[in-house]
Structures are given as structure tokens and as C-alpha cells.
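Protein chains in written order, with my numbering: chain B, 1 to 344; chain W, 1001 to 1344; chain P, 2001 to 2344; chain X, 3001 to 3344.
Yeah, the Cβ is synthetic: ideal placement off N, Cα and C, and Gly gets one too.
Each remark here refers to the structure printed beneath this line.
Protein chains: 4
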Amino acid sequence: MIIVLKPDATADQIQHIEKSVHEWGLRTHFSRGTERSVIGIIGDESVLANKPLDVFPGVDSVMSIQKPYRLASREFQSKATKIAIPWGRPGGEPVEIGGERIVVVAGSCSVETPDIMLETARYIISAGARMMRAGAFKPRTSPYAFQGLGVEGLKILAQVRAETGLPFITEVMDTRDVEMVAEIADVVQIGARNTQNFSLLKAVGRTRTPVLLKRGIAGTLEELLMSAEYILSQGNDRVILCERGIRTFERATRNTLDLNAVPVLRKLSHLPISVDPSHGTGAADLVTPMAMAGVACGADLLLVETHPNPEKATSDGAQTINEAQFRKMMDGVRGIASVLGRSL
Amino acid sequence: MIIVLKPDATADQIQHIEKSVHEWGLRTHFSRGTERSVIGIIGDESVLANKPLDVFPGVDSVMSIQKPYRLASREFQSKATKIAIPWGRPGGEPVEIGGERIVVVAGSCSVETPDIMLETARYIISAGARMMRAGAFKPRTSPYAFQGLGVEGLKILAQVRAETGLPFITEVMDTRDVEMVAEIADVVQIGARNTQNFSLLKAVGRTRTPVLLKRGIAGTLEELLMSAEYILSQGNDRVILCERGIRTFERATRNTLDLNAVPVLRKLSHLPISVDPSHGTGAADLVTPMAMAGVACGADLLLVETHPNPEKATSDGAQTINEAQFRKMMDGVRGIASVLGRSL
Amino acid sequence: MIIVLKPDATADQIQHIEKSVHEWGLRTHFSRGTERSVIGIIGDESVLANKPLDVFPGVDSVMSIQKPYRLASREFQSKATKIAIPWGRPGGEPVEIGGERIVVVAGSCSVETPDIMLETARYIISAGARMMRAGAFKPRTSPYAFQGLGVEGLKILAQVRAETGLPFITEVMDTRDVEMVAEIADVVQIGARNTQNFSLLKAVGRTRTPVLLKRGIAGTLEELLMSAEYILSQGNDRVILCERGIRTFERATRNTLDLNAVPVLRKLSHLPISVDPSHGTGAADLVTPMAMAGVACGADLLLVETHPNPEKATSDGAQTINEAQFRKMMDGVRGIASVLGRSL
Amino acid sequence: MIIVLKPDATADQIQHIEKSVHEWGLRTHFSRGTERSVIGIIGDESVLANKPLDVFPGVDSVMSIQKPYRLASREFQSKATKIAIPWGRPGGEPVEIGGERIVVVAGSCSVETPDIMLETARYIISAGARMMRAGAFKPRTSPYAFQGLGVEGLKILAQVRAETGLPFITEVMDTRDVEMVAEIADVVQIGARNTQNFSLLKAVGRTRTPVLLKRGIAGTLEELLMSAEYILSQGNDRVILCERGIRTFERATRNTLDLNAVPVLRKLSHLPISVDPSHGTGAADLVTPMAMAGVACGADLLLVETHPNPEKATSDGAQTINEAQFRKMMDGVRGIASVLGRSL
């Protein structure tokens, strides 16, 4: 931590600051500049998390020089984290997330009928996807919109897994449901509206089920890593980071997919990185180009909404692609992956 | 709902759209323009919430003409909602929120020791505040930061109420805690990170305790009203809306207090409106001018962080004002209120 | 400037950095931390403006500790700048901007016919305004929209000034017009789309006409002060800063008026501060509450769009108030001013 | 245009609106809904650009159904625009922008010495770039930063072109310089701070030199197309759109490169689309992944900052890549292009 002093900070003020810092068990290092003097604080910055240094008389501003996350950082662990998800039928190869192969996770927004789910599962497998996604509990802006099938939806997903082998990702929204969802799902998802629902993060952190953590609607990458840190600090070390579009002033797309996030997170963290081009754009015709771009800049996993008939989808039809579009997307993604020495 | 057609939409496509809309129980009205033709949909738009009209062939865009919230709207209820909070000691006058008197709610960010809480309570009452605020459960970006005193904090708040009469507002973060917090607190707060935690909204909606609902960190005013609608639709009709600063590109302040929200919400809704100049700015020296501005444009309630010694505050010291500053703020606010024909 | 080193920075890398800094004529100060070491740079930071320290091997990040503006800063000049504008007719009292009296500048968006301008001038004077505003050169998003009356508009404004005494503010958009506009106008305005049109800033900086400088559509306060610095550094020391709403994700209002800017700029700079509630909100019914809030938090000047008949206004009618609304606004603003010990 | 009426709009108000619209030469179409009635306006919406329909009594809101740009739209011209730039030495093949081959334009941020420029030109040609970029007139946030070599810089660029054949793009900032710059440069650039400098847009629109138009720092895609429309409407039909990163709340990168823009602009417009991964990220190590992603989602042209020794670059060194990095980027981009059936 660097404390920048006001130009007119007095000796008494400086002494008061230094004394307080010493009381907290840290050392200080005063450096007089021509225009501004600074006090460097030496030691573990996390001690300062609750200390309002900004309000000390004589302080102009306070700058952090350490990263506030630790377990999620590449400095803590230089080797990339790989997460193995067992195949849903005996004898199948596990799905590895964060390895050489890019994992495409596909499915409808909400869990639909068993027939539709099975039809979807079959065409996505045949096109090269290796996991399924669908929401049983749906966070909807309106209380009057369809809220998901709930437990019934989880059963349908498990049934499809039993028949096809496809492991699945599904969202959990309520601390009271965490245990149940983590029991049945292969990966639990924390949605963009719950990225800073710290109670929920702690709850999934206490399970041993991998977590796909979406970036908040207006969440910084540092906040995303801090939310990952919540999960990791509870003992669950299998977290997948997900860029899913952020909120900006632009309304030509539902969200602004921030692909810069992929190489930035790669640099900062050892955790696998995923991209959701469906929510990231909100428009079916943008999914394929943005899925390809996401892989081109380094994503390990894609999360894509597809439905046999998007016109009949229970939710999010506007950003859902059909089978033909999905197969075309997979071809494009496969091509891009090969340029990077990766495969599907 | 207005469906804008593509210039090259075919008769078949138009017929397919109209047929689908009729199947959903709504009527259509086709209008041919010189450049664009449109189909107006007549009937209750909420039926369309789950219908992906955007993906129908021939559709260029879809525009909503009805507001998606109902119970929160001024059209549903033209009279301003007033919420009475009983005084915490026998014989005291209830605190009315949304009435002629402006309610100032003050206190430390986190619940502190009983002594500090009592000292704070005494000076804020003597300066004209009529409710207390402090967090027992704290949403902190870092898992390593102080997470609040929890149940112990609630007890301290109740004890201060018993001694001074001050009713209190405190945050709830976990569905599992809702019942307990709603039992003891006079008003429960939903924080900015949980504005779209729909499980939590439903849970507080099922209690009969008034709810102070903060605008999301990057939440639109429409989303705020939709979150209020979640609570109202569960039967709890006592919701206070709160502007607390939004996230923008500007970093000179921690958040950008959006005071436009006050007159906009006044026009759209009958619910009481509050402003939090402490979180809205993140800086102690901005609290007074922004509190005055908030009242000048029509706020019913102010939520202000104060502490006998901000340097020693457990959290958020940088935006916390001390007793002298608080008294000065109250004088300014009182003056502004009188210009508007209101009082403290 | 503080250079934060990577944890694995080598002695060679550190030496290379220090050597380069010394070559630029500055001193360094190395400080070893437990997790991160830093190099403090001592001397005038502006030397470093063109030095890409971020790309030096071993550097993690670079943090500035000096403000990049100088002439605009309160540290350079602690006394508030006051700008006197001569009254437009002999014997009239000059209008002082930045003094005890709050200056309301009002008028139509575009210059209208002489009759309408005169009618407007008369009612705004009688209500207490002391300057007029109207655009002769109009920055319009569409090339097909009305682009203003140009030189003819300037003549109308001068004629109204001659008859009523009202000095006027008008926008300049093109370096080729600066001399002419600065000759005739009392204050030239730099609009929000030109806040970083550095050629234009230099050009107005070379005149001796006061400049009202609007904050950019997505401009930070630091950028606003840097743009002021452009003007000041050319020798023109009469600059008025203007908050006019920024672009955010919120669309309930055309822009998000950021009133935090007023007390923040007050702290950072000695220049007078103005607020434009018309552009800041984009809605006529929000102008009065936000004008009052703007004064409540400390604005020196208000810029308000008014027209005898907003329905017939050539541009921006939606945010334009009529005479009755204007008089009501002035009453509200006068009341707020008096609470602050100021007057109109 | 669709006018949405207030629920309580009176017959008189509706008649007044309809009468006014008829007077403007347009037809109306009234449609009564169950909750909201609307008036459709039939005819050329551009007539309404200056009409403040929002302030008419009884009007709740006004929604546009036509696009405000015409010449830039794909509806106006379905065939993709291709722009041929002559090679700078006799016998060389012209560079086609918007065709099958992807054009990489590279060079230093500012024009450097002739030697450095020549060295850069040689390695970028040998790696497959076909145009050069460098700024002679530099828009700098600080008046104290290096402002570019000006006319001298243009001469250096012309000299490098004469020796190597590389055509060049360079920025123009001042209407007074347009003629001169357009005379010498192969493509003139309008920078992100001048995207809505309408005087400058008109001035370059009157030349016959192709224009690379950068998206504004916080400009919507519609505004970008409107700015293109300014240029096109003056008779210059050779405009290249450029995504260069937008301003958001995220600070991990200097800007947020919005690659969604590429497929969105492709759908809306016939103009060639370029991406600037250097400004779009602000960090040298992000340039290659984002250049590859930009091509993966469909860009026609890349604008990349490179310098033989970024540590010595006069400006923007932090986002500048060196020769080795540039060659590696070109390899990646070439691979991605081939997947799309394109080449460099």
C-alpha cells in the first residue's frame, strides 16, 4: 500500500499515520518527493482491508500494490487448473476443462420437456459438444415470467445424462438449494446476478462440485477473481471463470461481450476460462462469429444456447440457435481451435 | 407490443407471426408504412414475456409499449405510499416514511460495540435523525475482510432501540436468515449486490416487514421497479426505493450518485424514495452537499453513515462522517427541506 | 510516479529501469516490500508523459501520484476564479460568474427568430436570469437535422443583447469560426462532443473571451480539467467548467446528470462550476428538481433551455421548459440559494 | 415513428397531435390498445428529426422504427463496399479494403525519425502488412505531452511510401488541415475523440480521400453510422468503420474492445470494418489474441501499433509490439483468416 500525502501534510499528521500503521503490525517507509511525499507500507496488505486510511488527516489518496486475491492468482499457482468431469455413462472418457481440448457446453436456456432435451442432447453430441447446459431455476427480471421447472428440471437433466452420458451444468440461485443441486449436477453455475451474492458463494465453496462462475453484469475482472476467491477460500478449488457480456451504454447488443477478459484472466489466474456468446450478445446471428472469436483469443470452454426450435423455446429464444446453426458454429470453432493447436 | 417488420418480410412470414400471436390469445393490427410496416399486438403484453418474437422470420425488432411492472407503478396506485414504523419505546410517535417529514436514517456501516452504537444513537437523535442503520451481516468484496457481527450485531441494535427508541434498518443477505432478521428489524435492507437476487426478494416479500430496496450497482430504474414488483407480488406492499450510486466509467467518486433517479421514480411509482449519499459518493466530504442535493430534488429519506470516530470504524470509514459533520449536514438538509415545505 | 515491480523482477531489470529514469533527469528510490517491491520516481512527473514505463521488463504497473493538470488545480491557485461579463447595455452591472450570486443562463436550444428571442429574453430577465444562451452553430447527430442559423444566428443574439442588455453564451464548433465567434459572444461554449477536440481548445485558448467548457459525453472529471488546462495553457485564464450529464447504461434519462462532479471539482479546482439540467436529463419535467439539486450541492451557474412554446422549438423541445415552468424553477432555485447564503 | 399515448390522453390531445403531424406532411394511423393506444406515423421519419413530439400533451413516449442513417445502410446498398488504395510505387498491386484479403495496417503511434519509419516499414511489409499507419498530428490528453511532428511527419510518411511503396493512413484533427492531409495521405483517419466533430466530418466528406472513421470513446454503433453518414452525405463514399474499444467501468484494460461491433456493423452496413487491437486493449500482450479474435469474427482490416523498440517509442509504447511480436501476430492472423477462406 502506498499512501500519497497532501502537499501540506504536517509532521504531526505523518507521525499519526505512521504510528497507526505500526500499531496494526506493519512497517512504513517514508519517501519525500519534490511535489508529493509518500509513505510505503511494508507487509501483508490484507491487514489494511478494514482500515480507513483515506480519512486520516494529511492523506490525499491510498494506492494498493498487492492483488487482493491470492488463491485465484497465477502467482499462487503457476500451473493451469484442469477440472475433470466424469462422463455420465460407464466407460466414457471424462471431460477435461482447461486442457488442450476445448469444451463446448450446449443446451436450451430453460430445461424443456424430456423429449426436447433428449433431441437436443443427441444433436449436440453428434456435433461435438461434450456437456449440456439448461436452467431448472431461472433468474428472471420479471416475477411474472416463467421461473423454471425447479426440481423437476433437475430430474430431466439427470435422466438425459443417464441416457446419453452428457454431464450437465445448471444454475443455483438460493443457498437453501445448494446442497441438493450440487449433489445432482456435474457443475453448478453462479449466474451474473449472483456473482456478488457472497452467501451463495460461500455455500457452493463448501461443496465439492465444480463451479462455473459468471462475471457480474457490471463486474470488474478483479471482482470476478475476488468472487472466485470466496469459493476457493472455502475449500472448493474447482472454479471456472466465465465472461458473459457486461453492461455498457451500447444497446445494439443485449450485453457487450468483453473478450479482452479472456487473455487478461489468463495472465492473472490459473483457473479455466469460458465464454458465453449467447448471453454475451443476446442475438442468435451473432453467436457463431463471437464463439469463434472467443476461441481465437483463448477460451477453454464455450457455453451456447441451442434448441431444436428456438421459436418455441420457453425462454431466451432470441439468442438461441437451432441445430443447423449449431453445427455450423461447431465447424467454425473447430477450425479456429486447430489454428491454435487445440481440438474440440 | 409493436413488431417492426423487415422491409423484405414476405406475406407468409407476416401470416406466420400473426397466427402465432393469435394462438397466444392476443389480437394483431397490421399497419403498412412507406418504409417499414408494423404489427401492433393488442392485449396483455405480459403473455409475451416468454415468446421469442425477435427470432420469427421477417421480424426486424420488437418494441414494448407497456411497462413491465404493475403493482409498483403510479398507474396502479396514484396515491403516494406512506410507511409507518413504530417508535422503539412506548409513547413515541411512529416514524412515517414517504410523508411530509423527511426521515434521516444514520449510523455506522457495520454494527460496532454497544457503547459506540449508543453514543451514535444519542447524537443522531439529538441532531434530528429518527432511525438508525448499521450492518450485522456485511457483503464484503473480499472473503478476508470483516464479515459483520451477525446475530450478535442484531442484538446490539435491538438493545439500542430499547434504550433510545430508535427503530433500525439492517441488511439481510441470505434467504436462510430472512425470517430471523425480519422478526427483529424495523426495516430490512436489500443491498445493491442483491437487487436481482430473486430468491431473496421473494423471501422478504413473504414477510410483513418493510423493505428498503437498493438500486443495483449497474441496475436500471426499470430493473429496480421490477425488483420492487417481486416483493410486492408476494404480498409485502411496504417497499422503499433507494438510489445509492451506480457504476460508471468515472472513478473520482466510488460510485456515481444518480439523483435524476429521484424525480424519475417519483413520476413512475408511488413508493417512497430514499438516497444514500455515503455509498453514492464514497467520500466523507461529499456527503453533505449530496445529501442536500438529494433532498432538493425530492427524496423522502436519507441513509447516512456516521461514527463517533471514522478513523476507528470497522468498515467504510472513508465515507463516514463524524458527529460534527453530521450536525452540519442536518442543518443543511433542514434548510433545504424548508424551501420545499417539508421538515425533518 | 510509483513503479510496482513484478515479484520475479531481476536485479538487471531493476537496474535497467533505474538507469533509464536517471537518463531522463529524475531520481529513483527503491523500496523492497514483502510481496512487492517498488521504485519511487522523484521529480517532475510530466517528463514521464511520453515514457512507456509499462513495457519495461520487470514492471507490473505504474501509478501516478501527481495530478496531470496544474493551472486548473486548486494547488496552483487557492482563491476561486471569478469572471466578470460586462452587461450588454451602458450602465448595467457586470455579471460575475463564480461569486456569491448564482448566475442563471437561459434561452432556446437553437437561435430562433428575433421575435422569439426577444420574447424569451424579456421573460428570463424578469424572472431573474442574467445571461442568455442559444446555439447558432448546432452539433447534430444527423446530417439531415437542422444545423443552426450560423452567422445569422449570432447577429440575432447580438441584436437581442443590444436591446435588452443580456450578455450571451454560444457554441463554437470549428477552429475556422473561433475568431469570429469569440469576437461577438460574451462567452464561447465548447460542447460535450468537442471537449477533447484539442485543436479547438487551443484555438479558444488563444482568444481572450471566457470559455464555458462542457464535460465530455463520457469524459472523466480529470479529462475535463485536462481540457481546461489546454485552454489555460494558451493564456486564456477564464474557463467555466460545466457538468451536463454523462453517458451511462441508464436510458430512463437522456444522460445521467452527475452532480457529484460539483463538489469534486470544487475541491480540485479554482474554476467556476456550472450545471446544465436540460441536457443533463433530457426531459422538461426533470429540469426544475435537478436545477435545485445542482444549486444545493454548490453550482455557481445554471444553463437552462427555455422557449415560449417548446412544441415549436427548432430543436431539443423535449427538454425545454416554457415561461411558466421557468418562473417556477427560478423560485425554487432562489429558495435553495438563500439556504446556502447565496442569491440570484 | 410510433407515438405511445398516456393512458389518460384525451380526445383533444390526440386530435392536436394528429393535426400537427398532418401539417408536417405525414399521415397518421391510430390504434387503440387495451392498456395503451398508439399513433403510427406513416411517411419519411426524417421530417420529424426537429419535432419535439415528446412534449405534446398526452404523449408518453415516441419510438423510432426507421434507421436514422440511409447511405451507410445495407438497405441502401446491399453489396459490400470495396476501397482500392493505389500502391505507392509504380507497378505495385493496389490494396483493396473490404475484399477477400484482410489488410493489416501497421506502424508506430507517432511518426518517428525517417530511419525508424523505414526500418518499421520494411519489417511490416516482409511480415505481410500492406499499409502503414503513424500519427503526424497527435490528440493528446495533456497539453504538455508531445503533440506530433506535424507537417514534417507527413513528409516522412510520404518519403517512406516513395521508397517502399506502402500507402499510409494518418489522422487529421483540424478542419484547417484537412485539405493538406487529404492531399498527401492515402487514407485520412478521424480519431475517437473527433467521431462527432461534425465540422471535421463535413470537411473530410468534401474530399475524395478515403476515410477511416473510429468509433467514439463512448459512441454507440448507431452514432458511428450517423457519423459515417455525415461523410457520405457530402459525397465521399469511401468510409472504413473502425472498432477501437469503448469506455466502460472496467479498468483492467485501457478500453474495452467491443468485437460484437464487427458482426453487428456487417449486418447494418455495407462499409468495410476494421479493428484496432492496440487502442482497443492498451496492452502489448493483448494485441495478438485480440487481433486474432477480430479477424475470427469478420474484420476486413487490422490497425496495429508496432515499433522496432517500444521502450523508445515517442508515444503509446505500452500498447506497441516489437518486430518479433508483430511477426508472431501475423502468423496467428494468417491462420485464422484461412479458416474463414480469407488471406492476408
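Cβ closer than 7 Å: which chain P residues qualify as neighbours of G3317/X? Sequence index remark: in the fourth sequence, residue 3317/X carries index 317 (1-based). Near G3317/X (Cβ distances below 7 Å), the residues of chain P are P2052, V2055.
Partner residues on chain X for N260/B, Cβ-Cβ distance less than 7 Å: For the purposes of this step, residue 260/B is taken as residue 260 along the first sequence, with counting starting at 1. Chain X residues near N260/B: T3253, T3256, L3257, T3281, L3286, M3290.
Using DSSP with H/G/I as helix, E/B as strand and the rest coil, what is I231/B? The sequence position of residue 231/B within the first sequence is 231, counting from 1. Helix at I231/B.
Just mark V1138/W as buried or exposed, buried being the case when its beta carbon has 16 or more other beta carbons within 10 Å. As a working mapping, residue 1138/W is identified with position 138 in the second sequence. It is worth fixing the name first, because residue 1138/W is Lys in this sequence and not Val. Buried: at least 16 other Cβ atoms inside 10 Å.
Report yes if the CB atom of I2246/P is closer than 8 Å to the CB atom of T2256/P, and no otherwise. Taking the third sequence and counting its residues from 1, the one referred to as residue 2246/P is at position 246. Taking the third sequence and counting its residues from 1, the one referred to as residue 2256/P is at position 256. Against a cut-off of 8 Å, the Cβ pair of T2256/P and I2246/P comes out as a contact.
Interface partners of L2221/P on chain W, CB under 8 Å: Your numbering for residue 2221/P matches position 221 in the third sequence. The answer, in chain order, is E1250, A1252.
Using 8 Å as the threshold, is the stretch 1220-1232 of chain W in touch with the stretch 1068-1085 of chain W, meaning 3 or more CB pairs across them? yes
May I have the straight-line CA-CA distance separating G3107/X from S3278/X, to the nearest angstrom? Taking the fourth sequence and counting its residues from 1, one reaches residue 3107/X at position 107. Taking the fourth sequence and counting its residues from 1, one reaches residue 3278/X at position 278. C-alpha separation (whole angstroms): 11 Å.
Any beta-carbon of chain X closer than 8 Å to the one on T2028/P? By one-based count along the third sequence, residue 2028/P stands at place 28. Not an interface residue.
Given a cut-off of 8 Å, decide if M1330/W and I1321/W are closer than it, judged by their beta-carbon atoms. On the second sequence, position 321 is the one that residue 1321/W refers to. On the second sequence, position 330 is the one that residue 1330/W refers to. Not a contact, by the Cβ cut-off of 8 Å.
Proximal residues of chain W, C-beta to C-beta of Q3066/X below 8 Å: For the purposes of this step, residue 3066/X is taken as the residue at position 66 of the fourth sequence. What Q3066/X touches in chain W: E1035, R1036.
With distances taken between CB atoms, is the gap from A2192/P to P3052/X smaller than 8 Å? Counting from one through the third sequence, the residue named residue 2192/P turns up at place 192. Counting from one through the fourth sequence, the residue named residue 3052/X turns up at place 52. No, these two residues do not count as a Cβ contact at 8 Å.
Contacts that P272/B makes with chain X (C-beta to C-beta distance below 7 Å): As a first step, residue 272/B must be located in the first sequence, where it is residue number 272. In chain order: nothing, as chain X lies at least about 16 Å away.
Apart from the five residues just before and just after D1060/W, which ones in its own chain have a Cβ nearer than 7 Å to its Cβ? Sequence index remark: in the second sequence, residue 1060/W carries index 60 (1-based). The residues are V1004, L1005, K1006.
From this set, T3220/X, V3295/X, Q3077/X, H3029/X, which residue's C-alpha is nearest S1037/W's C-alpha? For the purposes of this step, residue 1037/W is taken as residue 37 along the second sequence, with counting starting at 1. Taking only the C-alpha atoms, the option nearest S1037/W is H3029/X.
State yes or no: is the C-beta of N3236/X within less than 8 Å of the C-beta of F2146/P? For this step, residue 3236/X is matched to residue 236 along the fourth sequence. For this step, residue 2146/P is matched to residue 146 along the third sequence. No. Outside cutoff.
Any C-beta of chain P under 8 Å from that of M63/B: Residue numbering aside, residue 63/B sits at position 63 when the first sequence is read from its first letter. Interface residue, yes.
Got a sec, what are the start and stop residues for the alpha helix (DSSP H) E3152/X sits in? Here residue 3152/X refers to the residue found at position 152 of the fourth sequence. Here the alpha helix (DSSP H) through E3152/X covers 3151-3164.
Below 8 Å between beta carbons: does that hold for V95/B and P167/B? Stepping through the first sequence from its first residue, residue 95/B is reached at position 95. Stepping through the first sequence from its first residue, residue 167/B is reached at position 167. Closer than 8 Å, so yes.
Quick one: grab the DSSP three-state call for G2335/P. As a first step, residue 2335/P is located in the third sequence; it is residue number 335 there, counting from the start. Helix.
Taking only beta-carbon atoms, is S1073/W less than 8 Å away from chain X? Counting from 1 along the second sequence, the entry for residue 1073/W is found at position 73. No, its Cβ sits nowhere closer than 8 Å to a Cβ of chain X.
Taking buried to mean at least 16 other C-beta atoms within 10 Å of its own C-beta, is A3121/X buried or exposed? Along the fourth sequence, one-based indexing puts residue 3121/X at 121. Classification of A3121/X: buried, given that the 10 Å Cβ count is 16 or more.
Does any residue of chain X have a CB that is nearer than 8 Å to the CB of N2197/P? By one-based count along the third sequence, residue 2197/P stands at place 197. True, the Cβ-Cβ gap to chain X drops below 8 Å.
Given K1202/W as reference, the closest of E1179/W, R1032/W, T1170/W, L1118/W once Cα atoms are compared: As a first step, residue 1202/W is located in the second sequence; it is residue number 202 there, counting from the start. Nearest C-alpha to K1202/W: E1179/W.
With DSSP as the reference, identify every bridge partner of R27/B, one or two as the case may be. What you label residue 27/B is simply residue 27 of the first sequence in a count that begins at 1. For R27/B, which the question treats as bridged, DSSP gives the partners I42/B.
How far does the beta strand (DSSP E) with M2132/P in it extend, from its first residue to its last? Residue numbering aside, residue 2132/P sits at position 132 when the third sequence is read from its first letter. Counting along the chain, the beta strand (DSSP E) containing M2132/P begins and ends at 2131-2133.
Taking the continuous beta strand (DSSP E) assigned at L1271/W, which residues delimit it? Here residue 1271/W refers to the residue found at position 271 of the second sequence. Here L1271/W belongs to no beta strand (DSSP E), and DSSP marks it neither H nor E.
Assuming D3300/X and I3102/X form a contact by the criterion Cβ under 8 Å, report the distance between their Cβ atoms to the nearest whole angstrom. Against the fourth sequence, residue 3300/X aligns to sequence position 300. Against the fourth sequence, residue 3102/X aligns to sequence position 102. About 6 Å separates the two Cβ atoms, so the contact holds.
Decide if T1248/W is buried, meaning its Cβ has at least 16 other Cβ atoms within 10 Å, or exposed. For the purposes of this step, residue 1248/W is taken as the residue at position 248 of the second sequence. T1248/W is buried by the Cβ-count criterion.
Against V1304/W, what residues of chain P qualify as contacts under a CB-to-CB distance less than 9 Å, listed in chain order? In the second sequence, the residue the question calls residue 1304/W occupies position 304. Result: empty, since nearest Cβ-Cβ is about 15 Å, beyond 9 Å.
Please confirm whether S2199/P and T2175/P have their CB atoms less than 8 Å apart. Position 199 of the third sequence holds residue 2199/P. Position 175 of the third sequence holds residue 2175/P. Yes, the pair counts as a contact, with Cβ atoms nearer than the cut-off.
Classify T2034/P: buried if its beta carbon has 16 or more other beta carbons within 10 angstroms, exposed otherwise. Residue 2034/P sits at position 34 when you count from the first residue of the third sequence. It is exposed - the Cβ of T2034/P has fewer than 16 other Cβ atoms within 10 Å.
Alpha carbon to alpha carbon, what distance is there between P1263/W and E1243/W? On the second sequence, position 243 is the one that residue 1243/W refers to. On the second sequence, position 263 is the one that residue 1263/W refers to. Each residue's alpha carbon lies about 11 Å from the other.
Put M63/B into one of helix, strand or coil per three-state DSSP. On the first sequence, position 63 is the one that residue 63/B refers to. Correct three-state label for M63/B: strand.
So, using beta-carbon positions, are G1043/W and R1032/W closer together than 8 Å? Your numbering for residue 1043/W matches position 43 in the second sequence. Your numbering for residue 1032/W matches position 32 in the second sequence. Not in contact: G1043/W and R1032/W (Cβ atoms no closer than 8 Å).
Just to confirm, are S343/B and E100/B a CB contact at a threshold of 8 Å? In the first sequence, the residue the question calls residue 343/B occupies position 343. In the first sequence, the residue the question calls residue 100/B occupies position 100. The answer is yes: Cβ separation under 8 Å.
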